[in-house]
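Numbering-wise, our numbering puts 150 at position 149 of the sequence shown, and it's gapless, one number per residue.
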Amino acid sequence: MFVHFGIKDALDILLVGLLLYNIYKMMKDSGTINIFAGVMAFIGVWVVVTRILDMRLLGAIMDKLVSVGVLILVILFQDEIRRFLVELGSHKRWRFFFRLFLPDKEKNTDQQSYIMPLVYACMNMSKTKTGALIVIQKDMALTAYEQTGDIINADVNSRLIENIFFKNSPLHDGAMIIADNRIVAAACILPVSHNNDIPKSLGLRHRSALGITQESDATAVIVSEETGNISAARNGKLHLRLSGKDLEHFLSETAE
């Protein structure tokens, strides 16, 4: 007896594989891979107990746990679920279709006009070992974080960035947020990543950069006050010791 296997079945397997891969990738990036592994192990034991061994008492107890498990998972992985939905709804995912049906729509280079002033400012602050944390908003609004700081609403200018992060400036402690080619706010408070894989040598700025990029699709740039090294974060991943050219290339790629 032959089992019919068609294009629809192959597509089904491919989509499930992509879904599991993306879930695994997000969990690994956010440091919750051990929790995810524990959940998968519990599901495996549940299947063995209820379907294979047919242990009724233990199976009934595990059934009850599974019935409330969905709510528990939503609570445990709320940040990862939010990030997955943001990525799913990102215009980047659907760019192929926009280009297919609207081929005359070209990328507006004005949307990246903040890059060079930001790069120049970071290079200058690197030389003077001036600590800085700058977040560039993408598709997901950062209004809640903007409200924790002081509203600036100014054009992106390298001198202004350097003055804001100057040690004696009242706004130097905290993060700057850039959105739509404008410095929206400064001295903002960001979520801190609790990923244990972060090197101990990295401080609060780096942890905050990871935190905001784990919870949103934003990009973060860090200048270390101790070493002057420039780093950047995206999708919960740190890119350390960047040169000016590296930073320019990184920001250009993430802005697309």
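Think of the CB as a built atom: it goes at the ideal place given N, C-alpha and C, for glycine as much as any other residue.
Contacting residues, own chain, Cβ-Cβ under 6 Å from residue i (five flanking each side not counted)
{"i": "ILE8", "result": "none"}
{"i": "MET124", "result": "GLY245"}
{"i": "ALA234", "result": "ALA210, LEU211, THR214, ALA221"}
{"i": "ARG242", "result": "ASN230"}
{"i": "HIS223", "result": "In the sequence on display, residue 223 carries Ile and not His. Only LEU134, ARG206, HIS207, ALA210, SER232 meet the Cβ criterion."}
{"i": "GLN113", "result": "ALA256"}
{"i": "LEU143", "result": "ILE178"}
{"i": "VAL278", "result": "Not covered by the structure: residue 278. The range shown for the chain is 2 to 257."}
{"i": "LYS168", "result": "none"}
Rounded straight-line distance, which links the Cα of residue j to that of residue i
{"i": "ASP156", "j": "TYR115", "result": "8 Å"}
{"i": "HIS195", "j": "GLY212", "result": "8 Å"}
{"i": "VAL258", "j": "THR129", "result": "Missing from the structure shown is residue 258; the chain here goes from 2 to 257 and no further."}
{"i": "ASP198", "j": "GLY237", "result": "12 Å"}
{"i": "GLY245", "j": "ALA188", "result": "24 Å"}
{"i": "LEU138", "j": "THR131", "result": "Before going on, a small fix: residue 138 reads as Gln here, not Leu. One C-alpha to the other measures close to 22 Å."}
{"i": "ALA122", "j": "ILE162", "result": "6 Å"}
{"i": "ALA221", "j": "ILE179", "result": "10 Å"}
{"i": "ILE153", "j": "PHE166", "result": "13 Å"}
{"i": "VAL193", "j": "LEU205", "result": "8 Å"}
{"i": "LEU134", "j": "GLN215", "result": "16 Å"}
{"i": "LEU19", "j": "ASP13", "result": "10 Å"}
{"i": "HIS173", "j": "ALA42", "result": "46 Å"}
{"i": "LEU77", "j": "ARG160", "result": "42 Å"}
{"i": "GLU226", "j": "HIS240", "result": "17 Å"}
{"i": "ALA11", "j": "ILE24", "result": "20 Å"}
{"i": "SER127", "j": "LEU252", "result": "17 Å"}
{"i": "LEU203", "j": "PHE6", "result": "52 Å"}
{"i": "PRO200", "j": "TRP47", "result": "37 Å"}
{"i": "GLY70", "j": "THR255", "result": "36 Å"}
{"i": "ALA186", "j": "ASP247", "result": "25 Å"}
{"i": "GLY39", "j": "GLY45", "result": "10 Å"}
{"i": "ILE36", "j": "SER232", "result": "29 Å"}
{"i": "GLN79", "j": "LEU72", "result": "10 Å"}
{"i": "TYR22", "j": "LEU16", "result": "10 Å"}
{"i": "SER68", "j": "LEU54", "result": "20 Å"}
{"i": "ASP181", "j": "ASN164", "result": "21 Å"}
{"i": "THR228", "j": "LEU66", "result": "50 Å"}
Residues near residue i in its chain [Cβ-Cβ closer than 8 Å; skip 5 each side]
{"i": "ILE190", "result": "TYR146, THR149, GLY150, GLY175, ALA176"}
{"i": "GLU249", "result": "ILE116, MET117, VAL120"}
{"i": "ASN82", "result": "At residue 82 the sequence reads Ile, which differs from the Asn that was named. Around ILE82: VAL75."}
{"i": "ARG52", "result": "none"}
{"i": "LEU171", "result": "Inspection of the sequence shows that residue 171 is occupied by Pro rather than by Leu. Same-chain partners within the cutoff: ALA188."}
The alpha helix (DSSP H) enclosing residue i, as first and last residue numbers
{"i": "PRO125", "result": "First, the amino acid is wrong: residue 125 is Asn here, not Pro. Here the alpha helix (DSSP H) through ASN125 covers 116-128."}
{"i": "ASP64", "result": "57-77"}
{"i": "THR255", "result": "245-256"}
{"i": "GLU147", "result": "144-147"}
{"i": "HIS207", "result": "205-216"}
In DSSP terms, what residue i is bridged to
{"i": "MET177", "result": "ILE135"}
{"i": "LEU239", "result": "ALA234"}
{"i": "ARG160", "result": "Its beta-bridge partners do not exist; DSSP assigns none."}
{"i": "ILE152", "result": "ALA186"}
Residue i: first and last residue of the uninterrupted beta strand (DSSP E) it sits in
{"i": "THR220", "result": "220-224"}
{"i": "VAL185", "result": "183-189"}
Close Cβ partners of residue i (< 7 Å) along its chain, the five nearest in sequence each way excluded
{"i": "VAL50", "result": "MET56, LEU59, GLY60, MET63"}
{"i": "ASN158", "result": "PRO118"}
{"i": "ILE184", "result": "ILE153, ALA155, VAL157, LEU161, MET177"}
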